[in-house]
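Enquirer:
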Amino acid sequence: MIEVRKKDKETTESLMRRFSRKIQQSGVLVRARRTRFRNDEKSKTEKRTEALYKVKIRKEIDKLKKLGKFDDEALRNIKRKME
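Counting from 1 along the sequence shown, just add 1352 to a position and that's the residue number in the working numbering.
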């Protein structure tokens, strides 16, 4: 953890500048930005479950398209029904 204390007769601007420099030199900001949007790998089970869900949705959509009943509302209903 970075800690910066105000010195005697030091302005707030110079304190902030010193703090910013310490943050950059320590690499804390770089690490935080790197891990900010990091997604963990999905497990095999999660991948399979997701794939099965997509297959079910695709089958339902194809069935409705053949019947001529597919639209945006139907898609929402399918997804709601599959959950």
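Cβ coordinates follow ideal geometry from the N, Cα and C atoms, glycine included.
(1) From this set, Thr1363, Thr1364, Phe1371 and Thr1387, which residue's C-alpha is nearest Val1356's C-alpha?
(2) What do you reckon, are the CB atoms on Ile1413 and Met1434 nearer than 9 Å?
(3) Would you say Arg1373 reaches chain B, if we count a Cβ-Cβ gap shorter than 9 Å as a contact?
(4) Rounding to the nearest angstrom, what Cα-Cα distance links Ser1395 and Lys1431 in this structure?
(5) If you measure between the beta carbons of Leu1367 and Ile1375, is that distance less than 9 Å?
Expert: The answer reads as follows:
(1) What you label residue 1356 is simply residue 4 of the sequence shown in a count that begins at 1. Closest by alpha carbon: Phe1371.
(2) Within the sequence shown, the letter at position 61 stands for residue 1413. Within the sequence shown, the letter at position 82 stands for residue 1434. No; because the gap between Cβ atoms is not below 9 Å, this pair is not in contact.
(3) Chain labels in this structure do not include chain B; a single protein chain is all it has.
(4) Translated into the one-based positions of the sequence shown, residue 1395 becomes position 43. Translated into the one-based positions of the sequence shown, residue 1431 becomes position 79. Their backbone Cα atoms lie some 23 Å apart in a straight line.
(5) Locating residue 1367 in the sequence shown gives position 15, where the first residue counts as 1. Locating residue 1375 in the sequence shown gives position 23, where the first residue counts as 1. Against a cut-off of 9 Å, the Cβ pair of Ile1375 and Leu1367 comes out as no contact.
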